[in-house]
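Chains as they are written, first to last, in this note's numbering: chain S, 1 to 284; chain H, 285 to 568. Note that CB positions come from ideal geometry on N, CA and C, so glycine has one too.
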């Protein structure tokens with residue numbers, strides 16, 4: 001049996017960041033420094049780590065970035081006031097509110113205040129709605145990164161059977177809409193699905209975005225299928241995906257590793273969206 | 285073999301309209317006449333018929349309605365100017381732009397101009413996005429009507445397998461999101477799906493929203509399943525759904541007829557959304 005081709009998110013990401021660097025430079029040559037503002041509420045260690053990686057990627061590419069940190073007990077009104085201030089800041093083209101927010105903040109109410117033109121996370125109702133009706137808008141970074149990886153490896157989506165496990169607003173649902181826009185026949189499974197395997201075993205493309213190590217075992221995967229692992233769970237032995245990589249890679253045709261698969265792409269797509277926002281603001 | 289229970293959209297609709305009449309009266313007692321404005325561009329006969337039914341339903345319930353008719357060759361700017369004018373009209377709580385628009389008008393650009401608070405068709409990016417992130421907003425009339433019918437007949441959706449055929453922005457995609465929000469495992473099929481039957485034959489709930497008479501035959505349906513027919517095609521022998529009603533009703537447990545199934549519900553839900561918009565405007 002052949003072992004799957006490993007989809008190298010790190011390599012694809014490096015290539016993309018090279019291209020973004022050139023685009024950022026072109027903007028800078030035209031007097032526009034692309035700028036990202038991140039907002040963090042509270043001291044969640046995972047959020048801090050993700051933000052560090054995001055700012056590092058911005059810096060590598062030549063995108064200005066700043067981090068706004070609010071105390072754990074900040075109220076909704078104050079978070080919204082911060083967003084509104086940055087909405088008005090002409091030096092900032094992209095705004096990222098790092099999720100999850102501490103309780104009892106409702107992220108939906110707060111996210112809706114981000115100017116859709118600066119919504120580089122693609123998470124405002126306006127940009128999510130554009131994904132539904134197929135008009136131009138910002139696409140959330142992780143699903144955008146998944147599609148880009150598949151495209152880079154020449155994996156055809158047209159008329160393919162795709163199954164997405166996990167229905168989050170930031171990954172599962174936008175990915176479902178993107179796969180549909182590429183003419184895949186898409187099934188979405190989630191925590192209430194009776195028999196997940198029934199929906200995965202014939203899937204040409206299987207994406208798991210749950211955050212549950214070992215969820216996807218070899219018996220759930222189609223021989224010769226494509227398996228994309230969006231799960232990232234911190235374990236004692238390091239970062240773990242949803243997929244039983246060692247066994248699934250003996251059955252699939254393509255597989256993304258964790259780490260080094262979708263993760264680097266998420267960050268690159270955020271930077272790409274920021275550069276795009278700067279280009280839009282300049283009428284490029 | 286038992287024959288399916290026929291889901292009576294006309295009867296459910298009549299009941300709903302009775303309730304809406306009372307709600308409209310309560311608004312009127314408080315000095316607010318709920319108002320709907322429809323906009324039609326051009327002379328499409330089907331659009332004219334649908335609008336006639338919508339205005340008739342408003343009148344029955346005690347909702348004020350007015351019809352704005354623009355010439356076939358009206359430009360995008362003029363249609364948007366009309367929308368903006370009605371956005372400002374305090375007497376109008378709901379705006380419905382009748383689709384399809386004549387070419388070359390792009391409905392997406394134009395619909396995006398409707399004030400989301402008056403978007404009783406649930407078709408602006410903002411309201412579609414709210415369907416994705418699960419926040420409160422207007423739900424498009426037809427998918428809302430489908431869910432209401434299923435609820436009225438006590439049909440459980442939790443953990444059920446649902447398949448939707450047809451991925452329109454106004455029916456298929458919102459319905460997919462609604463079924464998902466009710467914890468169904470949902471598959472969406474469309475014109476590029478290789479083998480539709482594979483996805484329908486085990487579906488507990490099957491919804492067809494294509495507009496292709498005879499598309500859904502008995503062999504495609506699960507024994508004891510629920511079949512909802514959203515298709516409406518004008519034929520020589522009258523209005524036809526997508527489903528081969530005579531044969532499928534011998535196999536399914538529940539089935540909606542055409543006419544008299546989803547159709548009346550669509551109109552009732554539009555009126556309901558208008559009453560809701562008037563209530564929102566009054567802070568009810």
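Q: Less than 8 Å between the CB atoms is what I'm expecting for residue 562 of chain H and residue 311 of chain H, so what's the real figure, rounded?
A: 5 Å
Q: Using three-state DSSP, classify residue 287 of chain H as helix, strand or coil.
A: coil
Q. List, in order along the chain, the chain H residues whose C-beta lies closer than 9 Å to that of residue 327 of chain S?
A. For residue 327 of chain S there is no data in the structure shown, the boundaries of chain S being 1 and 284.
Q) At least one CB of chain S closer than 9 Å to the CB of residue 496 of chain H: is that the case? A) no
Q. Going by other Cβ atoms of all chains shown within 10 Å of its Cβ, with 16 needed for buried, is residue 219 of chain S buried or exposed?
A. exposed
Q: Could you name the residues of the region 408 to 432 of chain H whose beta carbon sits closer than 8 Å to any beta carbon of chain A, in the order they occur along the chain?
A: The structure shown contains no chain A; its protein chains are S and H.
Q | N- and C-terminal bounds of the alpha helix (DSSP H) containing residue 238 of chain S | A | First-last for residue 238 of chain S: 238 to 240, but that is the beta strand (DSSP E), not the alpha helix (DSSP H).
Q: Less than 8 Å between the CB atoms is what I'm expecting for residue 490 of chain H and residue 447 of chain H, so what's the real figure, rounded?
A: 5 Å
**Q.** CA-to-CA distance, residue 215 of chain S to residue 243 of chain S, given in whole angstroms
**A.** 6 Å
Q: Please say whether residue 416 of chain H and residue 129 of chain S have beta carbons closer to each other than 9 Å?
A: yes
Q) Who are residue 351 of chain H's beta bridge partners in DSSP? A) H:322
Q. Cβ of residue 324 of chain H within 9 Å of Cβ of residue 337 of chain H?
A. no
Q: Using the DSSP secondary-structure output, state which residues sit across from residue 205 of chain S in a beta bridge.
A: S:162, S:226
(Q) If we require 3 or more residues per run, which beta strand (DSSP E) segments fall completely within the region 407 to 479 of chain H? (A) 445 to 449, 469 to 473
**Q.** Cβ-Cβ distance between residue 268 of chain S and residue 83 of chain S below 9 Å
**A.** no
Q | DSSP state of residue 518 of chain H mapped onto helix, strand, coil | A | strand
Q | Three-pair Cβ contact test at 8 Å for the region 423 to 437 of chain H versus the region 475 to 482 of chain H | A | no
(Q) To the nearest angstrom, how far is the alpha carbon of residue 89 of chain S from that of residue 37 of chain S? (A) 10 Å
Q. What in chain S is Cβ-close to residue 457 of chain H, meaning under 9 Å?
A. 132, 133, 177, 180
Q: Flag this pair as touching only if the region 108 to 126 of chain S and the region 53 to 73 of chain S have three or more C-beta atom pairs under 8 Å; answer yes or no.
A: no
Q: With a 10 Å radius around its C-beta and 16 neighbouring C-beta atoms as the bar for buried, classify residue 245 of chain S as buried or exposed.
A: buried
Q. Closest by CA to residue 482 of chain H, which one among H:358, H:520, H:518, H:449?
A. H:449
Q) What did DSSP end up calling residue 500 of chain H once you bin it into helix, strand or coil? A) strand
Q.
With the cut-off set at 9 Å, would you say residue 422 of chain H and residue 405 of chain H are in Cβ contact?
A. yes
Q.
Suppose contacts are defined by Cβ-Cβ distances below 9 Å. Is residue 287 of chain H in contact with residue 507 of chain H by that definition?
A. no
Q.
Rounded to the nearest angstrom, what separates residue 343 of chain H and residue 349 of chain H at their Cα positions?
A. 7 Å
Q: Can you check DSSP and say which residues form a bridge with residue 527 of chain H?
A: H:500
Q. What residue from H:485, H:303, H:480 has the CA that sits closest to residue 494 of chain H's CA?
A. H:480
Q: List the residues of chain S that residue 342 of chain H touches, going by C-beta distances under 8 Å, in chain order.
A: Going along chain S, no residue has its Cβ under 8 Å from residue 342 of chain H, so there is no contact; the nearest lies around 26 Å.
Q) Sorted by chain position, which residues of the same chain lie with C-beta nearer than 7 Å to residue 492 of chain H's C-beta, five sequence neighbours on each side aside? A) 449, 450, 499, 500, 513, 514, 515, 526, 527
Q. For residue 380 of chain H, which beta-bridge partners are listed by DSSP?
A. H:322
**Q.** Distance CB(residue 370 of chain H)-CB(residue 332 of chain H) smaller than 9 Å
**A.** no
Q) Which first and last residues belong to the alpha helix (DSSP H) in which residue 210 of chain S is found? A) From DSSP, residue 210 of chain S is part of no alpha helix (DSSP H); its letter is neither H nor E.
**Q.** Buried versus exposed call for residue 92 of chain S [16 or more other C-beta atoms within 10 Å across all chains shown]
**A.** buried
(Q) Rounded to whole angstroms, what is the Cα-Cα separation between residue 497 of chain H and residue 524 of chain H? (A) 6 Å
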